[in-house]
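Residues 0 to 569 (numbering that gives the first Met the number 0) make up the sequence shown, in order.
The C-beta atom is built at its ideal place from N, Cα and C for all residues, glycine as well.
Please read these numbers as outputs of a predicted model, since none were measured by experiment.
Below is one structure; the comments refer to it alone.
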Amino acid sequence: MLPGDARGKSISSIVADTEKDAVEEKIEAVKEREATPSDVTESDFYAYHERNPGRLILDPEEAKVEFGEECLKRLKLSKDGSKILWPQPTDDPEDPQNWSDRRKSFQLVIITLAAIVPDFDSGIGIASLFQLAKKFNTTTGLINDETSNWSIFLLGWGSIFAVMLMRRYGRLPILFWSQAGLFCANLLAVSFLVGCTFAPNLNTFAGMFFTTVVDLQLSAHEMLQQCAACRRSLEGLYTVTDMYPFHLQARKLTIWTMGFIVSPFLSPCVFGFLAARANWRWAYGIGSMYGGFVVLMITFFMEETLYDRSLPDPRPIPRPRSRVLNRLQCLVGVTGWRMARYRPRWRTVVFGCINLIWRPHILSILIFESIIWGFTVGINTTETVLLAEPRPKGYGFSEYAIAGTYATPIVATLLGEQIGHYLNDWIMEFCVRRNKGVFEAEMRLWACYFAVALYVLGFGVLGSSMQRLNIPGLVIGWGLAQCVVVFNTVAVYAYCNDCFPGSQGEISALVNLCRTLGGFSVAFYQVPWATRNGPLQTFGVEAAVVVGLFFLIVPALQYKGPYLRVSNAP
0 MLPGDARGKS ISSIVADTEK DAVEEKIEAV KEREATPSDV TESDFYAYHE
50 RNPGRLILDP EEAKVEFGEE CLKRLKLSKD GSKILWPQPT DDPEDPQNWS
100 DRRKSFQLVI ITLAAIVPDF DSGIGIASLF QLAKKFNTTT GLINDETSNW
150 SIFLLGWGSI FAVMLMRRYG RLPILFWSQA GLFCANLLAV SFLVGCTFAP
200 NLNTFAGMFF TTVVDLQLSA HEMLQQCAAC RRSLEGLYTV TDMYPFHLQA
250 RKLTIWTMGF IVSPFLSPCV FGFLAARANW RWAYGIGSMY GGFVVLMITF
300 FMEETLYDRS LPDPRPIPRP RSRVLNRLQC LVGVTGWRMA RYRPRWRTVV
350 FGCINLIWRP HILSILIFES IIWGFTVGIN TTETVLLAEP RPKGYGFSEY
400 AIAGTYATPI VATLLGEQIG HYLNDWIMEF CVRRNKGVFE AEMRLWACYF
450 AVALYVLGFG VLGSSMQRLN IPGLVIGWGL AQCVVVFNTV AVYAYCNDCF
500 PGSQGEISAL VNLCRTLGGF SVAFYQVPWA TRNGPLQTFG VEAAVVVGLF
550 FLIVPALQYK GPYLRVSNAP
């Protein structure tokens, strides 16, 4: 019996092993068929970065393992051959990824100049603070609330609506119509800005100013009633990701981000001297001229960067033979209107932001960004009042001294751009090298560690210096706090964009909305708080809030981010 049982057992085990081998052979056969280079089309590579959110293979050697050697030969690499280009450029010379470096840089300059406009115009009220208070026989605090705080609140909401139009009709026509003084909103904005210039009383001035801020954000797709606030800031992320490959995007985002971060300080610095020497009306007049200059740059030089690379034919509609007619149709939106049938439907674009905001990794990092940005913007909108406070409660600065003080955040922002330029590149290179040539979105968040450390140091020095009325400490503390906002904001933009590479507009709109909402409320309570309990307590508590949110959010995202990113992919 025993030999028989042993023989039966060996036969059953042999059968089981045979079946197991057969199953394994089938699995291997399926894997081989899936990995066959002939099955991978060019369109698969063109959309690969969108189908694999937050994880990209940059090293060609690793790509050889994952895609196969035949597929690697078809992939386009960077000029030095060290990185795979994502998205993969097509063979079309009109693909923005194939444009020359000079052509791309010129477009980046225009979109950066346009991004400066909203906060630049909003900050004119700070430069004219003392003149307006004297003119309308009121306090600087009331003027600050009327001209700065509420204008910050209005700057972000319209981005939600603007992204819907941009996804359907393209980047250029929406940017043009939002600023074109000849056709729609910008003409009304300039007229109300001129109205601010000649306002006879405070009520008229405040009404004109609010209307200006709102009107700077009106998009005339069909009616001027559609608010598309800060679409200049919204356009930048689209433009950068349309033109530049993945490994250069953070570097270029730093330049664009520097534009709208430095803009709130430009007008108080430059126009502060002008308002003190001449008349506050000139400040609003020059703001109108700058807006007109940006409109002309967009009209004659800005190009459409939206390229539908996921379509078999990215340009299914024939273009006019006349270059002038083609330019006019692209500018006013005729081309975008005809291309809309090949682009996402209205239902998709309308619910785009809602589809993202509920996801834990996006919502948490947006809360962190809104707080760190809001406290910094609060410095800008309240610094004038605190510096003008007579001694012993304040510095007792003159208008000239306050205007000169605003050079500090300008220099700090430029310095932050340079630091962020190299810091983000170094973090990406170091982390990708350690991860065997594969990039993951959570690597971007290492920049937040550097940012928060310097941010706390800056706020501590700023609060302590203002408590003791120390001028050098004021400059150093404010500069440190402002410097880190640049590369922290770039890290947040890049992380969110990497998690949802097909939703650049929605990401930009949500980040823009959160940072403006964060900056809106701070100015209302920061001045009374600092006056009552001292700047050291005010800025110390704000720094502690930032640190607390940082430890709650950033390490958790780095630990669970890959799971959240994959499980919550659209």
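Tell me whether I110 sits in a helix, a strand or coil according to DSSP, three-state version.
As a first step, residue 110 must be located in the sequence shown, where it is residue number 111. I110 falls in the helix class under three-state DSSP.
Identify whether E302 lies in helix, strand or coil by the three-state DSSP scheme.
The residue you call residue 302 lines up with position 303 of the sequence shown. Reduced to three states, the DSSP call for E302 is coil.
Quick check on DSSP: helix, strand or coil for R6?
If you number the sequence shown from 1, residue 6 lands on position 7. Confidence at R6 is low in this model, with a pLDDT of 44, below 50, so its placement is unreliable and the value that follows should be read with caution. Residue state, collapsed to three classes: helix.
Quick one: residues in its chain with C-beta nearer than 7 Å to the C-beta of C447, no 5 flanking neighbours on either side, listed in chain order?
Taking the first residue of the sequence shown as 1, we reach residue 447 at position 448. The answer, listed in chain order, is N487, A490, F549 and V553.
So, is A543 buried or exposed, given that buried needs 16 or more other C-beta atoms within 10 angstroms?
Walking along the sequence shown from the start, residue 543 turns up at place 544. Exposed, since its Cβ has fewer than 16 Cβ neighbours within 10 Å.
Between the C-alpha atoms of L76 and S507, what's the straight-line distance to the nearest angstrom?
Stepping through the sequence shown from its first residue, residue 76 is reached at position 77. Stepping through the sequence shown from its first residue, residue 507 is reached at position 508. Whole-angstrom Cα-Cα distance: 28 Å.
Could you tell me the distance, in whole angstroms, from the CA atom of I409 to the CA atom of L265?
Position 410 of the sequence shown, counted from the first residue, corresponds to residue 409. Position 266 of the sequence shown, counted from the first residue, corresponds to residue 265. Computed Cα separation, rounded: 7 Å.
Report the start-end ranges of each alpha helix (DSSP H) in the segment 294-377 that is 4 residues or longer and not cut off at the edges.
Listed in chain order, the complete alpha helix (DSSP H) runs (minimum 4 residues) inside the segment 294-377 are 322-331, 333-338, 345-349 and 351-356.
Near A114, which residues of its chain fall below 8 Å by C-beta distance, leaving aside the five closest residues on each side in sequence?
Position 115 of the sequence shown, counting from 1, holds the residue named residue 114. So the qualifying residues of the chain are R231, S232, E234, G235, W255, G258, F259 and S262.
Taking Cβ to Cβ, would you say M242 is nearer than 9 Å to G504?
Residue mapping note: residue 242 aligns to position 243 of the sequence shown, counting from 1. Residue mapping note: residue 504 aligns to position 505 of the sequence shown, counting from 1. No; because the gap between Cβ atoms is not below 9 Å, this pair is not in contact.
Check each candidate in C329, G478 and L84 and name the one with the smallest Cα separation from S321.
Here residue 321 refers to the residue found at position 322 of the sequence shown. Taking only the C-alpha atoms, the option nearest S321 is C329.
Distance check for H360 and G560, CA to CA, integer angstroms please.
Numbered from 1 along the sequence shown, position 561 holds the residue referred to as residue 560. Numbered from 1 along the sequence shown, position 361 holds the residue referred to as residue 360. Computed Cα separation, rounded: 7 Å.
By Cβ distance below 7 Å, which residues in the same chain neighbour T123 in space, the five residues on each side in sequence not counted?
What you label residue 123 is simply residue 124 of the sequence shown in a count that begins at 1. It should be noted that the sequence gives Ile, not Thr, for residue 123. Once the five neighbours on either side are set aside, the close Cβ partners of I123 are S266, F270, A282, Y283 and G286.
Report the CB separation of L57 from K82 in whole angstroms; it is logged as a contact under 8 Å.
If you number the sequence shown from 1, residue 57 lands on position 58. If you number the sequence shown from 1, residue 82 lands on position 83. The Cβ separation is near 5 Å, so the contact holds.
Just to confirm the assignment, what range does the beta strand (DSSP E) spanning F438 have?
By 1-based counting over the sequence shown, the position of residue 438 is 439. Counting along the chain, the beta strand (DSSP E) containing F438 begins and ends at V437 to E439.
Span of the beta strand (DSSP E) holding I56?
Numbered from 1 along the sequence shown, position 57 holds the residue referred to as residue 56. Here the beta strand (DSSP E) through I56 covers R54 to I56.
Output needed for I426: all residues of its chain with C-beta closer than 8 Å, excluding positions within five of it in sequence on either side, in chain order.
As a position in the sequence shown, residue 426 is number 427, starting the count at 1. Excluding positions up to five away in sequence, the list reads M442, R443, W445 and A446.
Give the straight-line distance between the Cα atoms of A387 and P534, rounded to the nearest whole angstrom.
Within the sequence shown, residue 387 is the residue found at index 388, counting from 1. Within the sequence shown, residue 534 is the residue found at index 535, counting from 1. Near 14 Å, if we compare the C-alpha coordinates of P534 and A387.
Below 8 Å, can you find three or more Cβ-Cβ pairs linking the segment 294-303 to the segment 411-428?
Verdict: no, contact absent.
Using 8 Å as the Cβ pair cut-off and three pairs as the minimum, do the segment 301-317 and the segment 344-352 touch?
At 8 Å Cβ cutoff, the stretches do not touch.
Give a yes or no on contact between the segment 361-368 and the segment 332-345, applying the rule of three or more CB pairs nearer than 8 Å.
No: the two stretches stay apart, fewer than three of their Cβ pairs being nearer than 8 Å.
Which residue comes first and which comes last in the alpha helix (DSSP H) that contains Y399?
Here residue 399 is taken as the residue at index 400 of the sequence shown, counted from 1. Segment E398 to T404, the alpha helix (DSSP H) holding Y399.
So K63 is in the alpha helix (DSSP H); what residue range does that whole segment cover?
What you label residue 63 is simply residue 64 of the sequence shown in a count that begins at 1. Residues P59 to F66.
According to DSSP, is L468 helix, strand or coil?
Along the sequence shown, read from residue 1 onward, the residue named residue 468 stands at position 469. It is coil, neither helix nor strand.
To the nearest angstrom, how far is it from the Cα of L556 to the Cα of W357?
Position 557 of the sequence shown, counting from 1, holds the residue named residue 556. Position 358 of the sequence shown, counting from 1, holds the residue named residue 357. About 15 Å.
For P313 versus P86, is the C-beta distance shorter than 9 Å?
By 1-based counting over the sequence shown, the position of residue 313 is 314. By 1-based counting over the sequence shown, the position of residue 86 is 87. For P313 and P86, no; Cβs fall outside 9 Å.
When DSSP labels each residue in this structure, what does L76 get in the three-state scheme?
As a first step, residue 76 is located in the sequence shown; it is residue number 77 there, counting from the start. The answer is strand: DSSP assigns L76 an E or B state.
Quick one: Cα of W156 to Cα of E541, how far?
Working through the sequence shown from its first residue, we reach residue 156 at position 157. Working through the sequence shown from its first residue, we reach residue 541 at position 542. In a straight line, the C-alpha of W156 is about 25 Å away from that of E541.
Applying the 10 Å Cβ sphere with the 16-neighbour rule, what's the burial state of D100?
Residue numbering aside, residue 100 sits at position 101 when the sequence shown is read from its first letter. D100 is exposed by the Cβ-count criterion.
I254 lies in the alpha helix (DSSP H); which residues open and close that run?
The residue given as residue 254 occupies position 255 in the sequence shown. Unbroken alpha helix (DSSP H) run through I254: F245 to R276.
Going by Cα to Cα distance, which pick from A46, G393 and R54 is closest to L74?
Looking up residue 74 in the sequence shown gives position 75. Out of A46, G393 and R54, A46 has the C-alpha closest to the C-alpha of L74.
Roughly how many angstroms lie between the CA atoms of F523 and Q466, to the nearest whole one?
Residue mapping note: residue 523 aligns to position 524 of the sequence shown, counting from 1. Residue mapping note: residue 466 aligns to position 467 of the sequence shown, counting from 1. Their Cα atoms are separated by approximately 20 Å.
Identify, in the order they occur along the chain, each residue of the same chain with its Cβ nearer than 6 Å to the Cβ of G169, setting aside the five sequence neighbours on each side.
Here residue 169 is taken as the residue at index 170 of the sequence shown, counted from 1. If we look at G169 and ignore the five residues flanking it on each side, its Cβ neighbours are E303, L305 and G335.
Thinking C-beta only, is G436 closer than 9 Å to G457?
Taking the sequence shown and counting its residues from 1, the one referred to as residue 457 is at position 458. Taking the sequence shown and counting its residues from 1, the one referred to as residue 436 is at position 437. No, the Cβ-Cβ distance between G457 and G436 is not below 9 Å.
Can you tell me whether P52 is buried or exposed? The criterion is at least 16 other CB atoms within 10 Å of its CB, across all chains shown.
In the sequence shown, counting from the first residue as 1, residue 52 sits at position 53. P52 comes out buried.
Give every residue of the same chain whose Cβ lies closer than 7 Å to the Cβ of L84, excluding the five residues on either side of it in the sequence, and list them in chain order.
Translated into positions along the sequence shown, residue 84 becomes position 85. So the list reads K75, L76, S77 and P244, once near-sequence residues are dropped.
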